[in-house]
Structure formats: C-alpha cells, structure tokens
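Below is one structure, written out as structure tokens, with a few remarks after it.
In my numbering, the protein residues as written are 20 to 311.
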C-alpha cells in the first residue's frame, strides 16, 4: 500500500474560490497543482504553481501530467468583465478544453464551477422571476445574456464528456460566494432594497463552504454528470422568507413553505449526493421596518 498523495489540478486557483479550495484540498491530503495566468496570492508553499491559460491546449496538457482529478474554476465571472465574445468563448472553451483533455488521459473525476446564473434568471434584463420557488436544478432557463449561457453550456459539455468518456463530473451551481465581511455588505444592500436579491432567492455561500463543497464533490459516490445547486440554509436578509416572496414575487408558485429565513433555494441534492450542508452563516443586522 502506498502513501503517495493523490494529485488534483485546480484551474483558476488564484481566484477567491480557488484559493480557498487549494487550502482545503491541501488540508485533506491532496497534492495540488494550481493553474492560473498569473499568481498574486498563492505561493509555492501552497501548491505546485503552473502559469498558463485554461483555454490553451498545451498549457492544460502540461498541467495535467500525473493528475488524478480535476477542479475547474477558471472563468470570466461576470457578463460585464469582458465583451460578450470574450466572456462566452473564454468560459466555454476553457471548460471544453480541460474536461476533454482530462477525460482523454483517463481521469475519472472532475468538479466544475457552474452558477445559479446558469438558469438565465438573475442576469435577465427583462422583468422575469424564477418559474417557481425553491430555485432548484430543474428550473426552466430564460437566457438573456452571455455569462449565464456560458455556464449552462458548461453543464452541457460536462454531460457530453461524461457520456463519451465515462468521466464523473459534478457541476456546482454557486450562489453569491464571498468571505464573511463582503457578504455582510451584500446583505446590507439587499436589506435596504430586497428586490436586488429576489432573483437569487437572497442566497449566498461563504467561500469556506464553497471549498468544502468542492472537496465533497471529489469524493462523492456519483456516476455521470450531475448539477448541484448550493446555498447557505438561510437568506442573507433579516426578513421572513414568506413575507419577502409575498412582497416581491407574489405571483410565483411556491412548492413548499419557507419558515423563518429559510432560503428559497433547494439544497436537497447537495445534501443527498454530496453530504454537504453549509456551516458558515451570516447573521444579518435586524431592522425595524418590515420587508416591502
């Protein structure tokens, strides 16, 4: 029996979720190869650093040498962070590139970063809301911008790769992810104007929990490609969820009751498939005024 650690390639390793994921996987005993165009935060003490582009075939091929699993977090993270062409092509080409090359090399487990935006609802500039609450992995899509389309396309790429090569892939639909201080700022903004969070179900995830979800996904007993929605158990605002929905989404069907500040986002699949429940919650500052 060997004590050689398993090796995982993490793309986008110097990003917010990437840095937390590298730290978590190192703590779990993984040897981590980190791929990014540049490194501002990670050092050689954190991981084996590989400067490269996830859209480049040669860069990815070199980074995959000796790798047992893949975590793909590299992406342009918002529709405003580039031209429509840059955002869409960067995201879909990088995902196709890393998944296909990993699968061709016989790597059988990958985790990719999708988003709650994959439904197209949050970024849609028309007056649309989720078709129902809780938001889940089966929510109908209404794509209206290129970032959400790229994330949905990534999920389809994962499905194709899983079918063709037999790779098991978890696509994690992250909600708003940040550290606790930044999340409190977002919570304050949503508290002052709750309509800002209605399309997201006022959901969030602490970056430490995001890293845990990635770690659980690498170990989960799954086959094929699965999409998993994530969120903390309660909302980021100090209002009863039922009152929020009545005020800001009164015509949207509710498939269950949301007591207290229960987040109107389903995390059942995360719990059942990954054994994941977020542990780090933000307690919002209470206000006197009622929502709405």
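Glycine is no exception: its CB is placed at the ideal position from the N, C-alpha and C atoms.
Query                                                                                                                                     : Result
Cβ pair residue 191, residue 249 closer than 9 angstroms                                                                                  : yes
Member of 173, 212 and 294 whose CA lies at the smallest distance from the CA of residue 130                                              : 173
Beta-carbon contacts of residue 145 that lie in its chain and below 7 angstroms, excluding the five residues immediately before and after : 163
Buried versus exposed, by CB contacts within 10 Å (16 or more), residue 62                                                                : exposed
DSSP three-state assignment for residue 123, whether helix, strand or coil                                                                : helix
CB of residue 258 within 9 angstroms of CB of residue 273, strictly                                                                       : no
DSSP three-state assignment for residue 309, whether helix, strand or coil                                                                : Because the pLDDT at residue 309 is just 48, under 50, the model does not fix this residue reliably, and the point stays unresolved.
Sequence-distant residues of the same chain with beta carbon closer than 7 angstroms to residue 68, five excluded per side                : 53, 58 and 61
Residue 228, enclosing alpha helix (DSSP H) - first and last residue                                                                      : 226–238
Cβ separation of residue 152 and residue 256, assumed to be a contact under 8 angstroms, to the nearest whole Å                           : The Cβ separation is near 15 angstroms, so there is no contact.
Beta-carbon proximity of residue 34 to residue 82, cut-off 9 angstroms                                                                    : no
Beta bridge counterpart(s) of residue 253 as assigned by DSSP                                                                             : 281
Spatial distance of residue 283 from residue 104 (CA atoms)                                                                               : 33 angstroms
6 angstroms CB neighbourhood of residue 43 in its chain, flanking five on each side removed                                               : 230 and 234
Buried/exposed call for residue 276, threshold 16 Cβ in 10 Å                                                                              : exposed
Among 28, 39, 127 and 116, the one whose alpha carbon lies nearest that of residue 240                                                    : 127
Within 9 angstroms, strictly: CB atoms of residue 158 and residue 217                                                                     : no
Per-residue burial, residue 102 [other beta carbons within 10 Å of its own, 16 or more giving buried]                                     : exposed
Cβ-based burial, residue 182 [other Cβ within 10 Å; buried from 16]                                                                       : exposed
Where residue 77 sits in the DSSP three-state scheme                                                                                      : helix
Environment of residue 175 [buried if 16+ CB atoms lie within 10 Å]                                                                       : exposed
Straight-line Cα distance separating residue 51 from residue 20                                                                           : Confidence is the limiting factor: at residue 20 the pLDDT is only 36, short of 50, which leaves the residue's position unreliable, though a coordinate-based value still follows. Going by the C-alpha atoms only, they are around 21 angstroms apart.
Residue environment, residue 247, which counts as buried when at least 16 other CB atoms sit within 10 Å                                  : buried
Residue 228 versus residue 133: straight-line alpha-carbon distance, rounded                                                              : 15 angstroms
Same chain, Cβ closer than 6 angstroms to residue 222, five either side skipped, listed in chain order                                    : 194, 250, 282 and 284
Counterpart residues of residue 154 in DSSP-defined beta bridges                                                                          : 284
Integer Cβ distance of residue 95 from residue 116, believed to fall under 8 angstroms                                                    : 15 angstroms between Cβ atoms; not a contact.
Test item: CB-CB of residue 97 and residue 30 under 9 angstroms                                                                           : no
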